[in-house]
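Shown next, in structure tokens, is the structure this report addresses.
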Amino acid sequence: MAPTGLVKTYKTARRVVIGLAGATVTLIGIALIVLPGPAFLLIPLGLAILGIEFAWARHWLRVVKRRTKDLKQAAKDIRRKADNPIGK
Numbered sequence: 189m190a191p192t193g194l195v196k197t198y199k200t201a202r203r204v205v206i207g208l209a210g211a212t213v214t215l216i217g218i219a220l221i222v223l224p225g226p227a228f229l230l231i232p233l234g235l236a237i238l239g240i241e242f243a244w245a246r247h248w249l250r251v252v253k254r255r256t257k258d259l260k261q262a263a264k265d266i267r268r269k270a271d272n273p274i275g276k
């Protein structure tokens with residue numbers, strides 16, 4: 189059985205590595221909002237990585253998914269209205 193101190197060190201190291209990786213991907217995604225690149229892919233990916241260890245990141249990932257779903261539905265509604273001219 190592993191010593192308690194070693195397990196605690198492993199858990200802390202895991203949290204730090206996941207935090208750094210997720211934060212890096214998320215920050216690159218945020219930078220790509222104004223720079224050319226796939227910002228809207230990297231931000232949720234970064235939140236998903238952070239969500240492995242952090243509950244707040246899981247919450248924000250759910251918020252992003254919900255808003256994405258709402259935007260997709262709004263775009264479909266706009267397209268449907270544009271395809272159906274008035275009077276038909």
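The sequence shown begins at 189 in my numbering and counts up by one. We put the CB at the ideal spot given by N, CA and C, even for glycine. Keep in mind it's a predicted model, so treat the numbers as computed, not measured.
Looking at C-alpha atoms only, which residue of Arg203, Thr214 and Lys199 is the closest neighbour of Phe228?
Minimum Cα distance to Phe228 is reached at Thr214.
Local conformation of Leu223 per DSSP, three classes
If DSSP states are grouped into helix, strand and coil, Leu223 belongs with coil.
Check whether the Cβ atoms of Ile231 and Val252 lie closer than 8 Å to each other.
Yes, Cβ-Cβ distance for Ile231 and Val252 is below 8 Å.
Kindly list the residues whose CB is nearer than 6 Å to the CB of Ala245, restricted to its own chain and excluding five residues on each side of it in sequence; keep chain order.
The answer, listed in chain order, is Leu235, Leu238 and Gly239.
Is DSSP giving Pro232 helix, strand or coil here?
It is helical.
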